[in-house]
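Line by line, the protein sequences are chains A and B. Quick note: the first sequence, position 107, residue 107 per the working numbering, numbers continuous. Quick note: the second sequence, position 19, residue 19 per the working numbering, numbers continuous. Each remark here refers to the structure printed beneath this line.
2 protein chains.
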Amino acid sequence: MGLEPFSFFLFLATQALVAATSRGTYLEIPHQIHLLRPKSGARTNDVPDLSCLSWRLAVETNNIIGWKTTPEKCEGYLGHYMLGQQYREDSEAVAYEAIVYAQSLELAGDGREIWIFDIDETSLSNLPYYAKHGFGVEPFNSTLFNEWVNKGEAPSLPESLKLYKKLLSLGIKIVFLTGRPEDQRSVTENNLKNVGFYTWENLILKGSSYSGETAVVYKSSERKRLEKKGYRIIGNIGDQWSDLLGTNAGNRTFKLPDPITHLLPLCQKTHS
Amino acid sequence: MGLEPFSFFLFLATQALVAATSRGTYLEIPHQIHLLRPKSGARTNDVPDLSCLSWRLAVETNNIIGWKTTPEKCEGYLGHYMLGQQYREDSEAVAYEAIVYAQSLELAGDGREIWIFDIDETSLSNLPYYAKHGFGVEPFNSTLFNEWVNKGEAPSLPESLKLYKKLLSLGIKIVFLTGRPEDQRSVTENNLKNVGFYTWENLILKGSSYSGETAVVYKSSERKRLEKKGYRIIGNIGDQWSDLLGTNAGNRTFKLPDPITHLLPLCQKTHS
Chain A
1 MGLEPFSFFL FLATQALVAA TSRGTYLEIP HQIHLLRPKS GARTNDVPDL
51 SCLSWRLAVE TNNIIGWKTT PEKCEGYLGH YMLGQQYRED SEAVAYEAIV
101 YAQSLELAGD GREIWIFDID ETSLSNLPYY AKHGFGVEPF NSTLFNEWVN
151 KGEAPSLPES LKLYKKLLSL GIKIVFLTGR PEDQRSVTEN NLKNVGFYTW
201 ENLILKGSSY SGETAVVYKS SERKRLEKKG YRIIGNIGDQ WSDLLGTNAG
251 NRTFKLPDPI THLLPLCQKT HS
Chain B
1 MGLEPFSFFL FLATQALVAA TSRGTYLEIP HQIHLLRPKS GARTNDVPDL
51 SCLSWRLAVE TNNIIGWKTT PEKCEGYLGH YMLGQQYRED SEAVAYEAIV
101 YAQSLELAGD GREIWIFDID ETSLSNLPYY AKHGFGVEPF NSTLFNEWVN
151 KGEAPSLPES LKLYKKLLSL GIKIVFLTGR PEDQRSVTEN NLKNVGFYTW
201 ENLILKGSSY SGETAVVYKS SERKRLEKKG YRIIGNIGDQ WSDLLGTNAG
251 NRTFKLPDPI THLLPLCQKT HS
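Written as structure tokens, this is what we have:
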């Protein structure tokens with residue numbers, strides 16, 4: 001990471017804080033960088049008296065769960081975070097730890113060592129979609145989201161792609177395990193390949209037999225099936241705790257940052 | 001929370017960021033608020049190219065594990081965080097969610113419903129100690145730390161005390177489960193009572209039979225014993241993931257912020 005982008009981020013943050021200080025509260029900062037949508041109209045998941053920084057940390061540490069939308073007052077903060085350098089650096093920190101861990105292993109090299117990758121907000125980023133839809137403030141709209149997914153234009157998360165390439169170079173196989181439904185297999189495969197995820201041992205999408213099941217149940221069950229087939233899950237990375245909890249989670253798990261999307265308990269969102 | 005303290009925090013943060021911007025990097029900010037110790041002399045846990053913000057988030061989300069000291073370059077950042085308003089607000093966010101959860105329960109009121117509290121950095125705060133010892137930059141010194149503990153002067157974490165009182169008012173019993181050793185029982189009891197934790201169903205300290213066991217093994221085992229006695233663990237709060245992982249963790253767990261202390265795998269620190 002060069003200093004220039006971080007300095008620019010600091011400059012922007014400073015401007016925001018100066019504005020905030022003069023107004024007396026962080027929450028009144030106008031959207032100076034991305035004026036993507038009006039501030040009104042969406043339902044909120046308001047948490048009284050909590051700062052957006054605290055809200056984000058509590059979501060990332062699995063303390064705030066079961067939320068449907070991000071707090072409306074935090075749209076500006078979350079937008080700055082997601083589009084700014086800090087989200088990139090936070091993702092890099094996770095990928096770095098995962099690479100250090102992978103490099104520390106004594107691998108058998110028998111082709112049965114796998115690493116589980118979630119897809120949305122882990123391998124592929126839907127940030128271009130969420131930037132147009134309030135960074136989680138708008139209630140999730142599966143029709144619009146699926147239209148976006150079916151374009152197959154999601155960029156990679158560059159930090160995850162870096163990890164992916166390193167794992168392949170170490171001889172570790174990749175298994176994608178996603179809450180996307182089977183009917184998005186083709187578009188998902190093409191999207192993955194187009195952004196650099198060019199090979200995998202398996203790409204598991206959510207079959208209709210899991211309809212109504214939670215992500216934890218679905219993903220635990222599929223991981224168990226992999227282990228029964230003789231695979232050893234040496235790592236597991238995702239942006240949702242539901243990717244990493246449950247059973248058969250792998251020898252070590254890695255939680256990527258994601259303060260704007262959330263899986264509801266009974267699959268009201270079809271992706272994870 | 002009033003706006004004034006937060007505004008003051010923002011003012012301080014702004015000054016720091018302005019200084020950072022003019023210098024080109026956040027890491028060169030002088031210790032303007034608390035000049036408690038020189039910047040040199042301690043061993044480091046340096047992570048190249050990672051910002052201190054990313055380091056903190058990665059620690060809080062259990063991505064960076066097994067560390068012995070906080071990065072030396074982050075002492076200033078961590079000190080500002082721990083002594084500033086943000087640590088308080090982040091703790092308040094967790095306590096708030098825990099209270100909302102507890103209030104949502106249909107309690108049996110049979111006296112078997114318990115909530116597990118860790119002690120250090122959860123019920124009692126050792127921040128006065130760590131503020132004099134580099135906010136985790138200095139290698140942990142059990143002699144000095146035990147001298148501090150044996151004074152019995154640790155303040156409460158006010159957010160946890162608020163949760164504690166609310167739980168008692170709902171008829172939930174409290175069990176303290178700590179990595180502190182049995183020989184600190186008396187000082188711990190007195191310290192807890194002096195700061196407002198005036199009653200408990202049980203206070204479990206780490207007996208010699210667990211010598212050499214990890215915190216996860218010790219705490220899982222003790223929680224299992226509680227459940228065998230007929231208690232139902234409806235909540236569990238701690239600052240370390242080792243308080244919340246393992247078995248018999250409780251119906252829901254809450255992770256308080258703590259970017260400066262860390263339990264090493266084989267109890268090189270005797271507290272948790």
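Glycine is no exception: its CB is placed at the ideal position from the N, C-alpha and C atoms. Remember, predicted model here, so these are calculated numbers, not experimental data.
For a cut-off of 8 angstroms, the C-beta gap from K255 of chain B to V94 of chain B is around 7 angstroms, short enough to register as a contact. Taking C-beta atoms under 8 angstroms as the contact rule, R180 of chain B and I119 of chain B qualify, at a distance of about 6 angstroms. With fewer than 16 other Cβ atoms from the protein chains shown falling within 10 Å of its own Cβ, N141 of chain A counts as exposed. Within its own chain, the residues whose Cβ lies closer than 6 angstroms to the Cβ of D239 of chain B, once the five positions on either side in sequence are excluded, are E121, T122, L256, D258, listed in chain order. For G235 of chain B, the enclosing beta strand (DSSP E) begins and ends at 232-238. Between A102 of chain A and I172 of chain A, the C-beta gap is smaller than 8 angstroms, which places the two residues in contact.
Identification of chain A residues near D118 of chain B by a Cβ-Cβ cut-off of 7 angstroms yields none; the smallest Cβ-Cβ distance measures about 15 angstroms. In the DSSP annotation of this structure, the continuous segment of the alpha helix (DSSP H) that includes I99 of chain B starts and ends at 85-104. CA-to-CA, the gap between F135 of chain A and A108 of chain A works out to about 43 angstroms. Taking the Cβ atoms as the reference, L177 of chain B lies roughly 20 angstroms from I99 of chain B, outside the contact range of under 8 angstroms.
For K162 of chain A, the enclosing alpha helix (DSSP H) starts and ends at 158-169. For the 8 angstroms CB-CB criterion, L78 of chain B and T70 of chain B form a contact. Taking N150 of chain B as the centre and dropping the five residues before and after it, the same chain places the C-beta of V187 closer than 6 angstroms to its C-beta, in chain order. For W200 of chain B, not one C-beta of chain A is nearer than 8 angstroms to its own C-beta. By the CB criterion at 8 angstroms, I234 of chain B and G250 of chain B fall inside the cutoff.
In this structure, S156 of chain A sits near L124 of chain A, with a CB-CB distance shorter than 8 angstroms.
Contact between I116 of chain B and R232 of chain B fails: their C-beta atoms lie close to 11 angstroms from each other, not under 8 angstroms. Within the model, the alpha-carbon separation for S54 of chain A versus Q85 of chain B is close to 11 angstroms. Annotation for K193 of chain A: the continuous alpha helix (DSSP H) segment containing it runs 185-195. Here DSSP, grouped into helix, strand and coil, assigns E113 of chain A to strand. A straight-line Cα-Cα distance of about 9 angstroms links N191 of chain B and F197 of chain B. Here T261 of chain B is buried. Its C-beta has 16 or more other C-beta atoms within 10 Å. Under DSSP, N202 of chain B forms a beta bridge with B:V175. Under a criterion of Cβ atoms nearer than 9 angstroms, the residues of chain A adjacent to E97 of chain B are, in order, V47, A58, N63, I64, I65. For K255 of chain A, the uninterrupted beta strand (DSSP E) run begins and ends at 253-255, by DSSP. In this structure, the alpha-carbon of I237 of chain A lies about 6 angstroms from that of T253 of chain A. Bridge pairing for D120 of chain A: A:L124 [DSSP]. Legend: CB atoms of the stretch 69-93 of chain B lying less than 8 angstroms from CB atoms of chain A belong to residues Q86, E89, D90, E92, A93.
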